[in-house]
Structures are given as structure tokens and as C-alpha cells.
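Visitor: Take a look at this one; I'll ask things after.
In the numbering used here, the protein residues as written are 3 to 895.
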């Protein structure tokens with residue numbers, strides 16, 4: 003297609019000389035396929051950002067008034083120019099590219115559907131067209147600028163009207179409209195959405211708040227939804243709750259076309275400054291500061307920071323001082339592609355290089371441990387519970403059965419003994435159960451789409467919880483008659499009382515989750531049938547609910563059973579009668595549960611045999627201690643050779659000596675001394691050597707592929723299988739692990755499912771990879787820690803109810819209030835958020851997340867926005883200042 007010189011001229015006029023225009027640039031491509039020469043002539047007869055009457059344009063073009071008016075109305079409807087009523091007459095205004103032409107055209111969804119190059123060109127404008135320009139933009143001279151969350155602006159300093167959201171709302175109190183978000187629409191068309199939906203022209207879902215003339219125009223053409231001033235404030239509060247950054251247009255000082263409510267990783271204006279690493283182009287006059295003493299490294303602010311200026315670090319005493327280098331800025335640095343952050347939507351970091359609190363790092367769900375301990379110490383149990391449930395909906399359950407990785411790595415453990423983190427969590431959760439109050443998360447959306455969760459174990463229920471909290475209609479399918487999976491059927495009541503499980507599951511019912519029990523998907527109903535019923539995505543989390551055989555002689559004899567089946571029967575109140583000698587084969591926590599349950603169901607002599615040495619056993623030390631306390635003999639270093647059978651019934655087990663369990667690469671590869679053999683009499687043998695996945699007919703007709711261990715193959719970040727609408731999590735993906743691992747996977751599954759059921763959303767772009775790093779314990783200054791107001795109180799231990807010993811009731815008690823206070827005081831408070839003030843754009847979103855009064859805004863600049871027609875002069879002046887600063891900095895080095 004030949005280059006159209008008149009179109010080049012038009013593009014140069016709209017850009018006002020800020021961008022290089024040729025036939026390959028986004029600004030030219032925007033018009034190329036549809037604009038007519040007559041439309042170009044009309045636009046060339048207009049002055050940029052100046053109101054014009056049709057008569058003057060007709061005179062300039064030589065077109066008839068009727069034709070001119072028709073052309074102007076066409077262009078206004080498309081979104082190239084603005085149209086308003088003034089003195090009963092139609093007045094038109096030629097717009098700049100952004101904010102202006104691109105946004106107004108994107109509001110016209112029908113036109114975008116016909117011309118998908120429009121959203122593509124906007125993205126090109128925000129990147130390619132800006133690359134030789136954006137580093138030279140001083141503060142206040144960008145086309146969009148951040149304004150802070152108003153309640154975060156300190157009252158102790160002078161407040162400038164232009165810095166306040168309320169100023170723009172009050173200025174336009176009768177002219178406010180809600181529209182879909184144009185940036186989110188671009189991302190959808192590009193299939194690069196980050197799960198932030200564009201919304202519609204209505205009160206519930208509208209995202210962009212247009213003001214003044216633009217609001218009136220969009221209301222008049224039916225693309226905007228008029229709202230009152232009071233409704234505008236309510237929406238602003240909502241936008242802040244979901245983590246939006248407020249931005250205003252800066253074409254005219256003190257006047258804004260809109261209040262944009264932008265999501266990091268989605269907004270193109272913020273995105274341009276992130277892509278090129280030039281925060282000055284969108285920075286407000288404020289910056290965040292952290293009160294390290296109050297900060298507990300909960301990470302809530304870090305997750306919502308739009309520019310990755312906040313990261314988790316540490317505040318515990320170290321031998322070598324830790325210094326944090328500020329990011330370079332174009333103000334005093336030469337800027338080129340090596341300084342850009344092209345992959346800003348993929349490479350977000352949660353932690354500084356030197357690491358942060360190990361409790362948050364090592365928890366599979368990355369719960370804000372330090373944060374909820376602080377809230378519990380203050381007696382704010384509801385706040386503590388809310389903080390836990392952001393990552394784990396089942397704290398009462400996990401407080402009883404978690405392997406507590408957090409405690410294993412607790413910094414306090416390097417001084418004396420780790421903080422009893424699980425006991426603190428259990429106390430917080432039990433406070434909720436005792437009070438009768440149930441924390442129900444606030445539902446921020448009302449998506450209404452139906453999602454099926456297959457399996458009601460920890461992964462499935464976690465996924466259901468977070469989907470319901472996000473506004474989805476969730477139905478959980480469970481083939482057993484009770485809900486809860488292994489939490490109900492695979493763990494004995496003396497470790498996890500079933501009333502506790504039921505109480506935490508009841509929260510999901512109150513959130514609207516529907517449960518269908520005695521329904522085996524693949525048998526009673528198929529996934530294909532569920533699709534026809536309107537389910538749009540499926541999360542499969544059926545767990546590893548079957549036992550595993552060893553393939554040895556005699557394991558099919560009467561009296562031999564699998565551990566998981568044994569526990570399931572007990573928990574379903576089915577009769578299981580044991581007697582005499584019971585041998586449990588296995589060395590994990592399930593084997594311990596099986597052995598302890600056997601002593602409660604008739605066993606006169608219970609013994610365990612496992613391959614591993616005691617140090618190698620996967621069972622937790624406290625589990626071993628409890629088993630021995632109940633008279634269970636634990637025999638290490640023996641593997642079953644065969645089960646001895648007489649008349650079809652087990653009479654004993656022959657074991658061979660295991661001399662090593664793992665090879666030099668620590669892979670499971672047991673070696674035996676076949677000459678060292680013992681025979682153990684047995685009336686019952688319970689095999690607890692692992693679990694397997696029983697898929698039944700669940701996957702019939704689906705594209706889900708299976709891999710090692712019969713687990714489902716899926717993406718390790720998104721959990722999506724080869725069947726795009728099927729996601730998996732928990733043991734069916736990882737193989738048997740702990741409940742907390744499954745819970746963490748369930749939340750990630752919910753995030754993926756949300757993105758998958760909406761068009762144009764990527765499952766990976768803009769997603770928090772949840773990568774954390776622990777601080778270097780070798781650098782701890784233990785002497786300084788002990789000298790710095792160190793609380794030498796020993797670790798608190800829960801008491802035991804003697805009357806429950808040997809029964810199916812939990813003998814462990816919860817901490818008393820006094821114990822809780824003592825134990826929470828033992829936390830060293832290792833972590834704190836670190837601010838890179840050079841990257842902070844002063845949005846204040848971080849302050850809305852902090853519950854510890856630890857992060858605030860301060861006014862660091864007093865720079866007002868630059869009028870559009872003054873920008874050439876401002877840019878030229880800044881270029882001289884910048885070059886001087888670069889020279890000075892180079893000389894200083």
C-alpha cells in the first residue's frame with residue numbers, strides 16, 4: 003500500500019512533533035486501513051485541542067456544511083475527535099494521541115472488533131513510539147500522572163489541590179461517567195490480559211472514570227454510565243480495595259479528562275514507564291517510607307506495589323551491615339535498552355537479594371507468619387485470622403496437622419528454640435471456633451460463572467474458597483458421603499477432630515459453595531455432561547486416596563490391608579476389629595497414624611517396621627514421640643521380604659535388613675543385606691508405604707495426560723493440563739504431600755481458572771511467581787540479638803488432657819492466653835519491607851494494605867503538571883539539566 007502523504011501530515015499534527023512518524027509506526031497504522039481522504043481533510047482543518055465549529059471547518063475544506071457535519075459526526079463516533087454540545091450547537095475538538103485518540107477509539111468496542119489493529123497500535127504507541135522520548139520526560143511532563151490514595155496524604159504537610167482525587171471529583175461533580183477500561187481492553191485483544199477485566203459501562207463493573215466534557219459525550223453516545231458524586235467516591239474506595247492506582251491526564255494543569263484506575267501490569271501508561279524503567283514519567287509528588295520497627299514483612303504492600311519498588315528484606319542484627327542500592331534513574335544516567343525492563347510483567351521480585359524472614363519463605367503458602375504473630379500479640383485475633391486466610395482458609399486444621407516448615411527454619415531456632423508458630427496459629431483459629439463468629443472474606447466481584455471442583459480435600463476446598471471469594475459459583479463434587487477428603491477420612495480424630503474440619507468447611511457453604519456428595523465424576527456424571535450443564539472450568543483434586551502395594555508374596559492374604567483404607571473405614575465409622583499382634587509397615591506420618599489407630603481398635607501389640615533410620619524417617623519427631631508414648635515399638639532399617647500366610651491368613655512377616663535407603667544423589671534406591679533376615683509374628687499387617695491415585699473413569703474422553711506415579715501432567719505455574727479447561731492440584735499433580743502444599747496449590751489453581759474463563763487473558767503474564775528467599779543465617783550477629791532486649795522466655799508447650807489419652811479425642815490443648823503472650827513475645831521479628839525510593843511512584847496503594855501502621859507517604863516533591871503546549875520548552879530545559887547531571891555523576895565516579 004502506497005504511503006499516504008496526507009496521512010503522514012495528519013499523524014505529525016496529532017503527535018505535535020513528539021514522535022517520529024513514518025508508514026511503519028503505530029500512529030500511522032492506526033488510521034491506514036479505514037480513514038478516507040475527506041476525513042483526513044477535515045482533521046487537518048482543525049487545531050489540536052482547540053474547539054471548532056463545523057462552519058469554520060467547512061470553509062477551510064471547501065466541503066458543504068452538511069458533508070462536513072456528517073464527517074465530523076463519523077469521526078466523533080469512531081473516537082478520533084471529541085464532540086460536545088455548547089450553546090445548543092455541536093462543537094468538535096481534535097485530540098492528541100494519548101490521552102485522547104487511542105482511548106476514545108478503544109471505547110468504541112464495535113469499531114475495535116472490526117479493526118483489531120486499533121488496540122495493537124495503542125500498545126505499539128506505548129512502547130516502540132516512546133523509546134527515543136520517554137527517558138527525557140521530567141516529572142509532571144508525562145501525559146498521565148499518578149495521584150495518591152487521598153487518605154494516605156499526610157495532613158501535617160501542605161496539601162495541593164491537584165494531588166487529591168477529591169479535587170477532580172468535586173470539580174466535575176455533575177459530569178462523571180464510568181466506562182470500560184481501555185488498557186484492559188487492549189490487553190484482551192492482544193491475548194495478554196492479566197486477569198484484570200475491562201468491565202462495562204455500568205456502575206458495578208465500570209473501571210475508568212471519565213470527567214467533564216468527555217463524560218457527557220460518552221453518556222450521550224451510550225458508551226458511558228452517568229454517576230453521582232457520591233457514587234464516584236464509593237467507586238474510588240472500591241478501586242483502592244482491589245489495588246488500583248489512580249492516574250490523571252495532564253494536558254491542562256488542574257484539569258483531567260479522567261481518573262484512571264489502573265492495575266499494575268495492565269495499564270499502558272504505567273506500563274510504558276515500567277517497560278522503559280522511567281518512573282519519573284508517571285511519579286506523583288509523594289513517596290513511601292517504612293517504619294521498620296512497626297513492619298512485620300507480611301508482604302501485603304509488596305504484592306500491590308505497581309512498580310516493584312517495595313521488596314521484603316530483613317531487620318535482624320547482622321555481622322556485616324546490609325546495604326540496599328537505589329535503582330538508577332534517567333535524571334543523571336545515560337539511558338538505553340540495557341536499562342529497560344522489557345519483561346516487567348514476568349520478572350517481578352518479592353524479596354531483596356539478601357533475603358527475608360525464613361518463616362514466610364519456607365511456608366508453601368507463604369503465609370505472613372510474622373504478621374499474624376504480631377496481631378495475636380496485640381490481641382487482634384480477627385485481623386490475625388484474616389491475614390492467615392489470605393493464603394490459607396484452614397488455619398484450625400493446619401494448626402493441628404501442619405509439618406511446620408516455618409518452625410524448622412525459624413531464626414529463633416538458631417538462638418535457642420524456634421517459635422511455636424503452629425500453636426499460635428491454632429490458638430487464633432480456635433478463638434474463631436469458640437466465639438461462634440466466622441470470618442467470611444468480602445466478595446469484591448460478582449462474576450457468576452460456574453466452576454466445578456472435583457474432590458473435596460485441601461487442594462479442592464482451597465481452590466473453591468478463593469474462587470468463591472472472587473465471585474464465582476462453585477460446585478464441589480465428592481464421591482464419598484462426607485466432605486473433606488483426607489482431612490476427614492485420612493487423619494484420625496485424635497490428631498484432627500472432625501468438628502474442626504466441619505467448622506472450617508462450613509465457611510465455604512456460607513460463601514455460596516455447593517457440595518454434591520456421593521457423586522463420582524466419571525461414573526455418576528461425566529466432565530462432558532458437566533460442560534453441557536454450564537460449567538466453564540474444572541479443578542481436579544481427588545488426591546492420592548488409594549494404598550500402594552509392594553508386589554511381595556502374601557500381600558493379598560486375609561488380615562493384610564492398606565493404611566489409607568484402614569483409616570478411611572475408621573473415619574467412616576465402619577467396624578474394623580483388630581487383635582493380637584499388628585505390624586505396620588512404613589515410616590511416615592500416615593504410618594504413625596495407622597499404628598496409633600491400631601492401638602485404639604483392639605491391637606494388643608503394635609509394632610512399626612521401616613526402611614529408614616530414625617533420622618531418615620519422614621515422620622515428624624513429635625509424631626514419633628507420641629507413638630512411643632503409647633507403647634508402639636519402632637523398628638528401623640527393615641524392609642518386608644514376604645508376608646507369611648497359613649490357610650489364606652497372615653501369620654507373620656519376614657523382613658530383610660536395609661543397609662541404605664538413598665543413593666549418592668539422594669534418590670530412593672534401597673539396598674538390602676539378604677542374609678540378615680528376621681521373622682515377626684503378625685495377626686494383622688497394615689501396609690503404609692505410600693499412596694496411589696485412583697482415577698477411575700474420571701478422565702475418559704479428556705485430553706489430560708498422565709506421567710510418573712500416575713500423576714496428571716500440567717504446567718508447574720498454572721496447573722493447566724493438555725485439556726485447556728481442566729486444571730489439577732494437590733496430590734494428583736505432585737504425588738503425596740502435606741495439606742499445606744495442597745492448599746497453596748489450590749489458590750494458584752483458582753487464579754489460573756479465573757484467567758482461563760475470560761477471553762484474552764494470559765495465565766502467566768503479570769502473575770506473581772511467589773519466589774521468596776531466606777536471609778543468610780550465617781550473617782546473624784547472635785550476640786547482638788541477645789543483647790538487644792532479648793526475651794529469654796523458653797518455648798511454650800501445650801498441655802495434654804490425660805482423660806483423652808488413648809482415646810479417639812485429641813489430647814492436645816490449645817495455648818492459654820498467658821502462653822500465647824509469652825510465645826508471641828519470643829518472635830525476633832526478622833523481616834521488614836524495603837523501599838527503593840527511586841522506583842516508588844507515590845501511589846499510596848501500599849498504605850491501604852498495611853494493618854501495622856508501618857508504611858506512609860511523605861511529600862518529597864513539589865512539581866506541578868506541565869501544560870501540553872509548554873512541553874517542548876520543558877523537555878528542552880530538562881534535557882540540558884539532565885546532561886549536566888550525567889556529566890557530574892560520571893565525574894564523581
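C-beta atoms are modelled at their ideal positions from N, C-alpha and C, and glycine is treated no differently.
Enumerate, from N- to C-terminal direction, the unbroken alpha helix (DSSP H) stretches of 4 or more residues contained entirely within the stretch 116-183.
Guide: 119-128, 167-173
Visitor: Compute the beta-carbon to beta-carbon distance between residue 294 and residue 834, rounded to the nearest angstrom, for a pair I have assumed lies under 8 Å.
Guide: Indeed, because the Cβ distance is near 5 Å, the residues count as touching under 8 Å.
Visitor: Buried or exposed, going by whether 16 or more other CB atoms sit within 10 Å of the CB of residue 383?
Guide: buried
Visitor: Taking 7 Å as the limit between beta carbons, can you name the residues of its chain near residue 597, skipping five residues before and five after?
Guide: Here the set comprises 586, 608, 610, 629, 634.
Visitor: Can we say the stretch 188-207 touches the stretch 757-774, given the rule of at least three CB pairs closer than 8 Å?
Guide: yes
Visitor: In the DSSP assignment, find the beta strand (DSSP E) that holds residue 858 and state where it starts and stops.
Guide: Membership of residue 858 in the beta strand (DSSP E) is indicated by the continuous run 857-861.
Visitor: Per DSSP, what kind of secondary structure is residue 782 in: helix, strand or coil?
Guide: strand
Visitor: Is it buried or exposed for residue 780, if we count other Cβ within 10 angstroms and need 16 for buried?
Guide: exposed
Visitor: Let me check understanding here. Comparing Cα to Cα, which of 474, 439, 369 lies closest to residue 450?
Guide: Answer by Cα proximity: 474.
Visitor: In this structure, how does DSSP classify residue 324 when only helix, strand and coil are distinguished?
Guide: coil
Visitor: Taking all protein chains shown into account, decide if residue 442 is buried (16 or more other Cβ within 10 angstroms of its Cβ) or exposed.
Guide: Burial call: exposed.
Visitor: So for residue 820, helix, strand or coil by DSSP?
Guide: helix
Visitor: Beta carbon of residue 861, beta carbon of residue 287: below 9 Å?
Guide: yes
Visitor: Can you tell me whether residue 427 is helix, strand or coil according to DSSP?
Guide: helix
Visitor: As a quick exercise: from 137, 452, 698, 717, pick the residue whose alpha carbon is nearest that of residue 278.
Guide: Nearest of 137, 452, 698, 717 to residue 278, Cα basis: 137.
Visitor: Give the C-beta separation of residue 559 and residue 647 to the nearest angstrom, bearing in mind that I take them to be a contact with Cβ-Cβ under 8 Å.
Guide: 4 Å
Visitor: Rank 839, 770, 808 by C-alpha distance to the C-alpha of residue 632 and give the top, closest one.
Guide: Here the closest residue by C-alpha is 808.
Visitor: Throw me the rounded Cβ distance for the residue 316 and residue 370 pair, which I believe falls under 8 Å.
Guide: Not really, about 15 Å apart at Cβ, beyond 8 Å.
Visitor: Just the C-alpha distance for residue 671 and residue 330, rounded to the nearest angstrom, thanks.
Guide: 52 Å
Visitor: Considering only their Cβ atoms, is the gap separating residue 166 from residue 284 smaller than 9 Å?
Guide: no
Visitor: Between 872, 543, 537, 280, which has its C-alpha nearest residue 749's C-alpha?
Guide: 543
Visitor: Check the C-beta distance from residue 78 over to residue 88 and give it rounded, since I have them as a contact under 8 Å.
Guide: That pair is no contact at about 14 Å.
Visitor: Mapping DSSP to helix, strand and coil, what is residue 834?
Guide: Looking at residue 834 - three-state DSSP - the assignment turns out to be strand.
Visitor: When DSSP labels each residue in this structure, what does residue 738 get in the three-state scheme?
Guide: coil
Visitor: Throw me the rounded Cβ distance for the residue 51 and residue 12 pair, which I believe falls under 8 Å.
Guide: In this structure residue 51 does not touch residue 12 by the C-beta definition: roughly 15 Å separates them, more than the 8 Å allowed.
Visitor: Using 9 Å as the threshold, is the C-beta distance between residue 429 and residue 582 below it?
Guide: Taking 9 Å as the cut-off, the beta carbon of residue 429 is found no closer than this to the beta carbon of residue 582.
Visitor: Would you identify the three-state DSSP class for residue 303, choosing helix, strand or coil?
Guide: helix
Visitor: Among the candidates 678, 664, 682, 266, whose CA atom is the shortest distance from the CA of residue 655?
Guide: 682
Visitor: Taking residue 141 and residue 282 to be in contact with their CB atoms under 8 Å, please state how far apart those CB atoms are, rounded to whole angstroms.
Guide: 5 Å
Visitor: Scan the stretch 480-506 and note each continuous alpha helix (DSSP H) run of 4 residues or more that stays entirely inside, going in chain order.
Guide: 488-491
Visitor: Can you tell me the Cα-Cα spacing of residue 710 and residue 292, whole angstroms?
Guide: 47 Å
Visitor: Ignore the nearest five residues each way along the sequence and tell me which others in residue 640's own chain have a CB closer than 8 Å to its CB.
Guide: Cβ within range, chain order: 611, 612, 613, 657, 658, 659, 660, 680.
Visitor: Going by DSSP in three states, residue 248 sits in which element: helix, strand or coil?
Guide: strand
Visitor: Helix, strand or coil for residue 608, going by three-state DSSP, please let me know.
Guide: In this structure, residue 608 counts as strand in the three-state DSSP scheme.
Visitor: Suppose the cutoff is 7 Å on Cβ atoms and the five residues either side in sequence are ignored; what does the same chain contact list for residue 728 look like?
Guide: 540, 542, 704, 706
Visitor: Under 8 Å by Cβ, that's how I've got residue 94 and residue 54 pegged, so tell me the actual separation to the nearest angstrom.
Guide: Yes, they are in contact, since the Cβ atoms of residue 94 and residue 54 sit about 5 Å apart, within 8 Å.
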